[in-house]
Amino acid sequence: MRHSHCLRRRLSLAAVFVFAVQPAAWAWSNHTLCTWPAVEAMPQVAGHSVPSESLTGFLAKEAAALPAVLAEEERWARANVPFYAPRPDALAFTVAADADVAALKRAFVHAIRVNEDVPFALYLQRRPGTAAAAGREMTWPDLTILKSPEDVDLKQMERVEEGEAAPVADVVATASNEPDFGLDIGLFQDNGQNQGNLYAFGPQPFGNPLLDYGSQAPFHMGFYHEAGIVYKAAPFLQHTYPEARVHLYMTLSRFAFSSGHPYWGWRFAGWAIHYVQDMAQPYHARVLPGVSVPSMLWTSVLDMAGIHGPKIAALNRVTNRHTALENYQKNRMTAAYEQGDKADPLLAALRDTRGDAGLEKVQAADLLGAISAQSVAVADTLDAQLERTFPPRYVSDAATNLDGKDANLYTLSRQAPAADQAKLADLVADRMRQAGRDTRAVIRAVAPDTTAAAR
54 MRHSHCLRRR LSLAAVFVFA VQPAAWAWSN HTLCTWPAVE AMPQVAGHSV PSESLTGFLA
114 KEAAALPAVL AEEERWARAN VPFYAPRPDA LAFTVAADAD VAALKRAFVH AIRVNEDVPF
174 ALYLQRRPGT AAAAGREMTW PDLTILKSPE DVDLKQMERV EEGEAAPVAD VVATASNEPD
234 FGLDIGLFQD NGQNQGNLYA FGPQPFGNPL LDYGSQAPFH MGFYHEAGIV YKAAPFLQHT
294 YPEARVHLYM TLSRFAFSSG HPYWGWRFAG WAIHYVQDMA QPYHARVLPG VSVPSMLWTS
354 VLDMAGIHGP KIAALNRVTN RHTALENYQK NRMTAAYEQG DKADPLLAAL RDTRGDAGLE
414 KVQAADLLGA ISAQSVAVAD TLDAQLERTF PPRYVSDAAT NLDGKDANLY TLSRQAPAAD
474 QAKLADLVAD RMRQAGRDTR AVIRAVAPDT TAAAR
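Numbering (this note's numbering), first residue to last: 54 to 508.
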């Protein structure tokens, strides 16, 4: 019996490991598309602008107050985030009185443990169909550490000047996509980047540490509702950080508002919104939608016996469907923006406030509870509908289809039977409805009661 128990444990560990190393993608392609409709009618947002402010300008003015704020945040994380890797005390935010802008930025990014090289430019993203004003165009190195983010159009990125008025809706929407520009890339010790050893997050618990986007997976995914045997076999799946990021950025947002920095109040709020929206995506809340634990175990048995095909097929399938969902969402929403179609089901769902009473103000613990639970509940249904709607090459278990990133799967979906088109639209709109509700709940949790300072 004891030998049998150990064997089962080893098999379940191997199975979960197989599926936990799937390549990580964005939760939603271009979060700004989701954020604009969700927030633009809110009284805290509509019609308001704030003066743009550089990160180092904010840090220079608040260098004396931020150490206490971030020290309290670290105490909260250690007490409340399961499996949290404590920040080394040497990285606590402290700067000399005569610190230059480079030292200010370095001290701050080390204290919050994000990628050292993200530029934190002053910019806004314009809506699909609108290009940056002449002379205000940006380059990728101005914006991100990535060579070419695939979910946004560089022509829509517009530089803004220090002190220039920026619409609140644009500030928070633009910021909501920023964590996919590299904030959480290269932070683990096996990612081959300088901050990996400095930050003490340890080896990457899951995802592919050799892939750029793979290294952000533990910050953007939260597997909170798997079967108990999964956690017993693979406790590393619990080493995730979405709730830590949400709490940190909401804390910084409130601090920025209270200390007279409304621009950074909204920008930090946008960062928090990103992770909340991530958890409305079923492929970020389930290890492997559409596959049962017994199926995982059997695949592991076959793989250990030298039959690797089922494992490879499962990885290909989840990667292809994850990519297909994001592609459909981005292309459908982009078309709706360009055509001015506010009645599109996805955009309409993001504006739908009828469920807001169910989550008035987000707390970090909500990611472990209601928010991720809703995604998990529909994961298998959505996974099956993707298979029914799209041509097999985009959603099958054949080799990972990199073309799926470039094809327009919204256009292809219209070749499916009308019933399948409608069902997929309903399921994705349901995810957008949750994302809109949760986005507004972040705003209500951090924004001051009065917006007088933002006018």
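Where is the CB? At the ideal position from N, CA and C, for every residue including glycine.
Please classify residue i: is it buried, with 16 or more other beta-carbons within 10 angstroms of its beta-carbon, or exposed?
i    : result
H300 : buried
P232 : buried
R493 : buried
R490 : buried
D243 : exposed
H56  : Bear in mind that a pLDDT of 42 at H56, under 50, signals an unreliable position, so the number given afterwards is only what the model happens to contain. Label assigned to H56: exposed.
L323 : Going by the sequence as given, residue 323 is Gly instead of Leu. Flag for G323 reads buried.
G267 : buried
G260 : buried
Q97  : buried
Q392 : exposed
T304 : buried
A478 : buried
Y258 : Checking the sequence, you will find Pro at residue 258 rather than Tyr. So P258 counts as buried.
Assuming contact is defined by CB atoms lying nearer than 8 angstroms, are residue i and residue j in contact in what I supplied?
i    : j    : result
R179 : Q209 : yes
Q382 : S82  : yes
R126 : S312 : Looking at the sequence shown, residue 126 is not Arg but Glu. No, the Cβ-Cβ distance between E126 and S312 is not below 8 angstroms.
L240 : N168 : yes
A469 : T442 : yes
A185 : E215 : no
L123 : A164 : yes
Q416 : L480 : no
M349 : L341 : yes
W317 : A226 : no
S201 : Q330 : no
R497 : E413 : yes
V429 : V346 : no
L378 : Y336 : yes
M191 : L175 : no
F254 : V499 : no
V495 : A297 : no
Look at the alpha carbon of residue i and the alpha carbon of residue j, and state the distance between them as a whole number of angstroms.
i    : j    : result
Q334 : T293 : 16 angstroms
H361 : T352 : 8 angstroms
E279 : R404 : 31 angstroms
P135 : N369 : 31 angstroms
R63  : F234 : Bear in mind that the predicted position of R63 carries a pLDDT of just 42, short of 50, making it unreliable; the figure below should be weighed with that in mind. Approximately 37 angstroms, taken between the alpha carbons.
N373 : A451 : 9 angstroms
E106 : V154 : 14 angstroms
V213 : L177 : 7 angstroms
R320 : S306 : 8 angstroms
P288 : D151 : 45 angstroms
D409 : V354 : 45 angstroms
A77  : A270 : Note that A77 has pLDDT 48, beneath the 50 cutoff, so the model's placement of it is unreliable and no number is given.
F173 : V92  : 23 angstroms
L86  : M357 : 43 angstroms
Y328 : P445 : 31 angstroms
N380 : A475 : 17 angstroms
E440 : R339 : 17 angstroms
Y390 : T464 : 15 angstroms
Where do the N-terminal and C-terminal ends of the beta strand (DSSP E) with residue i fall, by residue?
i    : result
A218 : A218 to P220
R212 : M210 to R212
P104 : S102 to P104
Tell me which residue opens and which closes the alpha helix (DSSP H) that residue i is part of.
i    : result
P445 : P445 to V448
T464 : L462 to S466
I365 : G362 to Q392
A488 : A471 to V499
H327 : P315 to D331
P90  : T85 to V92
L399 : P398 to R404
At least one CB of chain B closer than 8 angstroms to the CB of residue i: is that the case?
i    : result
Y266 : This model lacks chain B altogether, as it is built from one protein chain only.
Sequence ranges, alpha helix (DSSP H) only - wholly within the stretch 141-209, length at least 4: 154-165 and 193-196
At what residue ranges does the stretch 234-295 contain a whole run of the beta strand (DSSP E), taking only runs of 3 or more? none
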